[in-house]
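Written out below as structure tokens is the structure these notes cover.
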Ligand SMILES: Cc1cc2nc3c(=O)[nH]c(=O)nc-3n(C[C@H](O)[C@H](O)[C@H](O)COP(=O)(O)OP(=O)(O)OC[C@H]3O[C@@H](n4cnc5c(N)ncnc54)[C@H](O)[C@@H]3O)c2cc1C
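In the working numbering, the protein residues as written are 11 to 406.
Listed below in structure tokens is the structure:
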């Protein structure tokens, strides 16, 4: 693997770094979690930021130019991640759109679907959410019960979804529903694009322990979906869903998390250096925990290089994405536990308390980090995949 950058790549880095210096929102201080109290304000702010990145040609580094992307390669993607972390820049708001929907449509969508939907994902004009999980179908996703029944040239979808991040601000959704109730469970599922403003959709936010309400319950009551919003063949949705989840676990979120963790480690280091300057000792246990986090962030970065090299060779992300997801989950929890330990009794201050460090962003990030071993497939499921598909161990 070539780890040195060519002159044209260094030039890309120089331009991006200068652009970030000029354009980073001056009131942006977060590196861990958002400084906004209201979710809607955060979304509005981040939408503008993504639109700005897109206008400058920095959203969708790998996406083809004809669909609004930058049409660049893996090396530019790596540089983009590194420079976003270095500048402590806000992340993209349209996470599901960019990391899950985009790679799925690029691989399985029709030309009309790509032209219609991809450009507005990158510009954040249209936010997307993912209607996969249901009250009794999470780890066992293929057990989903939402049904899609033929109606003329389209379908009517009826059922309940849960844990849908960003549903309340989404214009569109990717959705799995059962089109053949008698086929074996993996064979009767289809993959749809659902209009979140269609009659029959009800969205109910769920408040989480951070105080924010990113998640929602979504009810579908005979929601009409035209045939041209089916992705791939009818009853052929399962394989496409696995492609979406492999990207969620192994590429998109991994790139995003790498940036977030690098920012967090750098910020903790700044805090400790400042303490040292003021003559306050740094406990050896804390020093070691930070060194440990720093090493793990570096390992994650190298894993990312490996993933990107595989993608560049035209290979699809495989079961090793589970290994990476499990690795960053543990890193994430270690990092924010360390951040809480450094604060000592101050860690007990409520997120949002003006006396708390950075307005309590660390507390909020710590609470949020408890969810990472559940989202995108639980740790137990990742370990099952690693055991069976990478190590060849029997199922039972
Ligand atoms: C932050 C966050 C964001 C999310 N966003 C979305 C979203 O936008 N869209 C969406 O569709 N979903 C979303 N989810 C839902 C997520 O995908 C599910 O929570 C997850 O798949 C687990 O499903 P479950 O909650 O139903 O738990 P269950 O599947 O009921 O699991 C319960 C427990 O049993 C264990 N378990 C289950 N099966 C096995 C097994 N075979 N072997 C060993 N242990 C097992 C699990 O590991 C877990 O500990 C989100 C979740 C979180 C936390």
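We put the beta carbon where it would ideally sit given N, CA and C, even for glycine.
Exposed unless 16 or more other CB atoms sit within 10 angstroms - verdict on residue i
i, result
"residue 70", "buried"
"residue 354", "exposed"
"residue 393", "exposed"
"residue 85", "buried"
"residue 193", "exposed"
"residue 125", "exposed"
"residue 360", "exposed"
"residue 222", "buried"
"residue 289", "exposed"
"residue 212", "exposed"
"residue 322", "exposed"
"residue 324", "exposed"
"residue 398", "exposed"
Cβ separation of residue i and residue j, assumed to be a contact under 8 Å, to the nearest whole Å
i, j, result
"residue 275", "residue 167", "So it is not a contact: roughly 43 Å between Cβ atoms."
"residue 257", "residue 341", "With 8 Å as the limit, residue 257 and residue 341 do not qualify as a contact, their Cβ atoms being about 20 Å apart."
"residue 144", "residue 155", "6 Å"
"residue 178", "residue 104", "Residue 178 to residue 104, Cβ: 14 Å. No contact."
"residue 129", "residue 77", "6 Å"
Residues that residue i bridges to, as DSSP identifies them
i, result
"residue 234", "166"
"residue 215", "226"
"residue 201", "186, 241"
"residue 24", "Answer is none; residue 24 lacks a bridge partner."
"residue 322", "BP columns for residue 322 are empty, so no partner."
"residue 161", "164"
"residue 286", "Partner(s): none; residue 286 has no beta bridge."
"residue 408", "Residue 408 falls outside the range modelled here, since the chain spans only 11 to 406, and no answer is possible."
Pairwise C-alpha distance: residue j and residue i
i, j, result
"residue 391", "residue 148", "11 Å"
"residue 123", "residue 173", "26 Å"
"residue 332", "residue 259", "7 Å"
"residue 339", "residue 346", "11 Å"
"residue 42", "residue 242", "Because the pLDDT of residue 42 is 47, which lies under 50, any placement of that residue in the model is unreliable, and the question is left without a value."
"residue 204", "residue 349", "40 Å"
"residue 111", "residue 291", "48 Å"
"residue 23", "residue 89", "6 Å"
"residue 337", "residue 329", "13 Å"
"residue 312", "residue 202", "35 Å"
Test: residue i CB closer than 7 Å to a CB of chain D
i, result
"residue 328", "Judged by its chain identifiers, the structure shown contains no chain D, having just a single protein chain."
Is the region 307–315 touching the region 370–381 in the sense that three or more CB pairs, one from each, lie closer than 8 Å?
no
Check whether the region 97–105 and the region 313–320 touch, using three or more Cβ-Cβ pairs below 8 Å as the test.
Result no; under three Cβ-Cβ pairs closer than 8 Å.
Are at least three pairs of beta-carbons, each pair with one atom in the region 50–58 and one in the region 230–249, less than 8 Å apart?
no
Take every Cβ of the region 184–197, pair it with every Cβ of the region 124–141, and state whether three or more of those distances are shorter than 8 Å.
Touching, yes.
Are three or more beta carbon pairs between the region 191–208 and the region 18–31 nearer than 8 Å?
no
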